[in-house]
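K.L.:
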Amino acid sequence: MPLSLIPAQLLWWSTVALVIAGLMQLGSTWIEHNGLTTQNFETSPPLAGRPTPILQEDIVKSYSWLEDDFPNSLPVELDTVAMKIENSHHYNVDSPDSTAEYLSLYPGDLGFLRLGPNKRFFGISLYHQLHCLDSLRLAIAGTPHTHARRPSPRPFEERDLEQGLDSNEKSSRDPAQEESSDHDPAWHVNHCLNYLRQTILCNADLTLEPEIKLGSQDVGEGLGVTHVCKDWSGLYDFAEQNTKEWQEWRKGHGASKGAHNSTTS
Numbered sequence: 111m112p113l114s115l116i117p118a119q120l121l122w123w124s125t126v127a128l129v130i131a132g133l134m135q136l137g138s139t140w141i142e143h144n145g146l147t148t149q150n151f152e153t154s155p156p157l158a159g160r161p162t163p164i165l166q167e168d169i170v171k172s173y174s175w176l177e178d179d180f181p182n183s184l185p186v187e188l189d190t191v192a193m194k195i196e197n198s199h200h201y202n203v204d205s206p207d208s209t210a211e212y213l214s215l216y217p218g219d220l221g222f223l224r225l226g227p228n229k230r231f232f233g234i235s236l237y238h239q240l241h242c243l244d245s246l247r248l249a250i251a252g253t254p255h256t257h258a259r260r261p262s263p264r265p266f267e268e269r270d271l272e273q274g275l276d277s278n279e280k281s282s283r284d285p286a287q288e289e290s291s292d293h294d295p296a297w298h299v300n301h302c303l304n305y306l307r308q309t310i311l312c313n314a315d316l317t318l319e320p321e322i323k324l325g326s327q328d329v330g331e332g333l334g335v336t337h338v339c340k341d342w343s344g345l346y347d348f349a350e351q352n353t354k355e356w357q358e359w360r361k362g363h364g365a366s367k368g369a370h371n372s373t374t375s
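Take the sequence shown: its letters are residues 111 to 375, numbered as in the numbering used here.
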């Protein structure tokens, strides 16, 4: 058929389709060129064959890990991966598997770590964020947030010893605030809403989300867009290994079998 007889609208949409296909191919080529692996957004466990990230010992040894003398972030290097945003049948608000699916996101001891020569107790912001996401899910489902899944709190003195503080140092935690977070579901939901707001702003994801139809000024739900991310599965693997090392360390130091874990508010 002569080009002049092809409807203008069909020709226009064919051109748009070719441009979109070209952009997608360009994006795939860029990802492959930069050595990025496409990670499955459904899972957290590490990819097979990848080495577990290790602590950067030069950084670790430059801190005492007492009081405020510790690094701002976990000193490990994570690979870069690509993740395409998709909807999922998993991680729903309230299904028979929802609780188990959200709990499966946590490695080891719910994502908590023990670091430094005295195995001081630390949380990781990623797992605090996931905890808050799960707490908001429970609030939407009409299930009040509780600490039922967690061990009962210990005396501050016992927690401080685990964190590497000697008996003459005072804990910086406010008992009244901890009591509030433990027993006031509304306080906890508000805390999580603000915590997620601030951590989302902090990460400032710059990924561009194109219009679903040229000229519509509507980016839809952001589905199908590829994000470049830190490999969260590497952190999952590191936290799993850290928990195993902590358990071995406790055995060697005669820790009581009844020692409990701390909590995230």
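C-beta atoms are modelled at their ideal positions from N, C-alpha and C, and glycine is treated no differently.
Which class does Lys-354 belong to by DSSP, given the choice of helix, strand or coil?
P.N.:
Against the sequence shown, residue 354 aligns to sequence position 244. The answer is helix: DSSP assigns Lys-354 an H, G or I state.
K.L.:
Would you report the Cα separation of Glu-358 and Arg-224, rounded to the nearest angstrom?
P.N.:
Sequence index remark: in the sequence shown, residue 358 carries index 248 (1-based). Sequence index remark: in the sequence shown, residue 224 carries index 114 (1-based). Their backbone Cα atoms lie some 12 Å apart in a straight line.
K.L.:
Using 7 Å as the limit for Cβ to Cβ distance, is Glu-177 near chain B?
P.N.:
The question asks about chain B, but that chain is absent: this structure has only one protein chain.
K.L.:
What do you reckon, are the CB atoms on His-337 and Met-193 nearer than 7 Å?
P.N.:
As a working mapping, residue 337 is identified with position 227 in the sequence shown. As a working mapping, residue 193 is identified with position 83 in the sequence shown. Yes, the Cβ-Cβ distance between His-337 and Met-193 is below 7 Å.
K.L.:
Specify, as a first and last residue, the run of the alpha helix (DSSP H) that Ala-296 falls within.
P.N.:
In the sequence shown, the residue the question calls residue 296 occupies position 186. Run containing Ala-296: 295-313, per the alpha helix (DSSP H) assignment.
K.L.:
Short of 8 Å in beta carbon distance, which residues of its chain neighbour Gln-239, apart from the five on each side in sequence? Order them along the chain.
P.N.:
Taking the sequence shown and counting its residues from 1, the one referred to as residue 239 is at position 129. The residues are Tyr-305, Leu-306, Thr-309.
K.L.:
Can you tell me where the alpha helix (DSSP H) with Ala-249 in it begins and where it stops?
P.N.:
Sequence index remark: in the sequence shown, residue 249 carries index 139 (1-based). Counting along the chain, the alpha helix (DSSP H) containing Ala-249 begins and ends at 235-250.
K.L.:
So what does DSSP say about Thr-253, is it helix, strand or coil?
P.N.:
Within the sequence shown, the letter at position 143 stands for residue 253. The answer is coil: DSSP assigns Thr-253 none of H, G, I, E or B.
K.L.:
Give the single residue among Thr-190, His-241, Asp-207 whose Cα lies nearest to the Cα of Gly-221.
P.N.:
On the sequence shown, residue 221 is found 111 positions in, with the first residue counted as 1. With distances taken between Cα atoms, Gly-221 lies closest to His-241.
K.L.:
Please list, in chain order, all residues of the same chain as Trp-356 whose beta carbon is under 7 Å from its beta carbon, the five residues on each side excluded.
P.N.:
Residue mapping note: residue 356 aligns to position 246 of the sequence shown, counting from 1. Excluding residues within five positions, the ones whose Cβ falls inside 7 Å are Arg-224, Lys-229.
K.L.:
Quick check: the Cα distance between Leu-316 and Asp-219, rounded to an integer number of angstroms?
P.N.:
Taking the first residue of the sequence shown as 1, we reach residue 316 at position 206. Taking the first residue of the sequence shown as 1, we reach residue 219 at position 109. Roughly 32 Å separates the two Cα atoms.
K.L.:
Using a Cβ-Cβ cutoff of less than 8 Å, which residues in the same chain neighbour Leu-318 once the five nearest sequence positions on both sides are dropped?
P.N.:
Position 208 of the sequence shown, counted from the start, is the residue given in the question as residue 318. Around Leu-318: Val-335.
K.L.:
So, helix, strand or coil for Phe-222, using DSSP?
P.N.:
In the sequence shown, the residue the question calls residue 222 occupies position 112. In this structure, Phe-222 counts as coil in the three-state DSSP scheme.
K.L.:
Alpha carbon to alpha carbon, how far is Gly-330 from Ile-322? Give it in angstroms, no decimals.
P.N.:
The residue you call residue 322 lines up with position 212 of the sequence shown. The residue you call residue 330 lines up with position 220 of the sequence shown. Distance between the alpha carbons of Ile-322 and Gly-330: 6 Å.
K.L.:
Taking the alpha-carbon positions, what's the Val-299 to Thr-253 distance?
P.N.:
Within the sequence shown, numbered from 1, the residue matching residue 299 stands at position 189. Within the sequence shown, numbered from 1, the residue matching residue 253 stands at position 143. The straight-line gap from Cα to Cα measures roughly 12 Å.
K.L.:
Helix or strand or just coil, what does DSSP make of Val-170?
P.N.:
Taking the first residue of the sequence shown as 1, we reach residue 170 at position 60. Note: Val-170 maps to helix in three-state DSSP.
K.L.:
How is Lys-194 classed by DSSP in three states: helix, strand or coil?
P.N.:
Taking the sequence shown and counting its residues from 1, one reaches residue 194 at position 84. The answer is strand: DSSP assigns Lys-194 an E or B state.
K.L.:
Quick one: any contact between the segment 180-191 and the segment 208-218, if contact means 3 or more CB pairs under 8 Å?
P.N.:
Counting Cβ pairs under 8 Å, fewer than three are found: no touch.
K.L.:
Anyone know if the C-beta pair for Ala-314 and Pro-217 falls short of 7 Å?
P.N.:
Taking the sequence shown and counting its residues from 1, the one referred to as residue 314 is at position 204. Taking the sequence shown and counting its residues from 1, the one referred to as residue 217 is at position 107. No, the pair does not count as a contact, with Cβ atoms beyond the cut-off.
K.L.:
Check Lys-323 in the structure and name its three-state DSSP category.
P.N.:
Numbered from its first residue, the sequence shown carries residue 323 at position 213. Correct three-state label for Lys-323: coil.
K.L.:
Using the three-state DSSP reduction, which class does Lys-229 fall into: helix, strand or coil?
P.N.:
In the sequence shown, residue 229 corresponds to position 119, counting from 1. Residue state, collapsed to three classes: coil.
K.L.:
When the Cα atoms are used, what is the spatial distance from Asp-168 to Gly-233?
P.N.:
Translated into positions along the sequence shown, residue 168 becomes position 58. Translated into positions along the sequence shown, residue 233 becomes position 123. One C-alpha to the other measures close to 21 Å.
K.L.:
Counting C-beta neighbours from all protein chains within 10 Å, is the total for Pro-227 16 or more, i.e. buried, or is it exposed?
P.N.:
Indexing the sequence shown from 1 puts residue 227 at position 117. Per the 10 Å Cβ criterion, exposed.
K.L.:
Is His-363 helix, strand or coil by DSSP?
P.N.:
Translated into the one-based positions of the sequence shown, residue 363 becomes position 253. Looking at His-363 - three-state DSSP - the assignment turns out to be coil, as it is neither helix nor strand.
K.L.:
Kindly list the residues whose CB is nearer than 8 Å to the CB of Pro-163, restricted to its own chain and excluding five residues on each side of it in sequence; keep chain order.
P.N.:
The count along the sequence shown starts at 1 and reaches residue 163 at position 53. Around Pro-163: Val-186, Glu-187, Leu-188, Gly-344, Leu-345, Asp-347, Phe-348.
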